[in-house]
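So in the numbering used here, the last spot in the sequence shown is 114, and the numbers never skip.
Each remark here refers to the structure printed beneath this line.
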Amino acid sequence: QVQLMESGGGLVQPGGSLRLSCSASGSFRYINNMGWFRQAPGKQRELVATISRFSVPNYADSVEGRFTISRDNAKNTVSLQINSLKPEDTAVYYCYAESGRAYWGQGTQVTVSS
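Given below as structure tokens:
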């Protein structure tokens, strides 16, 4: 079992930055892929970025160059540095982890508005 806890969401102006963090806890040997998905109102949940156990990142085209994902295997954490935020980045951001199966966090709201 893996429990995921996100932090770092909030309200930010266009062009601003945020850093999202997610901490995994529970009983597991190791976690394979970790990452972030997001869901905007009225839309389906979509991939933002994932990172492998060996820290190989994968980004959605819409965030490439603006978002940076990283992880710390010793601390079982994954972070997402978000720069140059746009109003269309407004969504609930969900942390994701694979350890035998997929696990999801509760989500953290990111709102980009002036």
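Backbone N, C-alpha and C define an ideal beta-carbon position, used for all residues, glycine too.
Owing to the predicted nature of the structure, the values given are computational and were not obtained by experimental measurement.
Hey, out of the options, whose CA is closest to residue i's CA?
i, options, result
"R53", "N73, E46, S62", "N73"
"P87", "R101, Q109, V78, W36", "Q109"
"V92", "Q44, A24, V2", "Q44"
"M5", "Y94, S55, I82", "Y94"
"I82", "E98, Y59, P41", "Y59"
"S23", "L80, V48, E46, L85", "L80"
"S70", "S55, V63, I31", "S55"
"Y30", "R101, V63, G107", "R101"
State yes or no: is the C-beta of residue i within less than 7 Å of the C-beta of residue j?
i, j, result
"T77", "V112", "no"
"G65", "T50", "no"
"Q3", "S25", "yes"
"P14", "S114", "yes"
Give the DSSP-derived three-state secondary structure of residue i in the structure shown.
i, result
"D89", "helix"
"R38", "strand"
"I51", "strand"
"N33", "coil"
"N58", "strand"
"Q81", "strand"
"S113", "coil"
Counting C-beta neighbours from all protein chains within 10 Å, is the total for residue i 16 or more, i.e. buried, or is it exposed?
i, result
"A97", "buried"
"S99", "buried"
"L11", "exposed"
"R38", "buried"
Tell me, to the nearest whole angstrom, how far the beta carbon of residue i is from that of residue j; I am working on the premise that it is less than 8 Å.
i, j, result
"L85", "S7", "That pair is no contact at about 17 Å."
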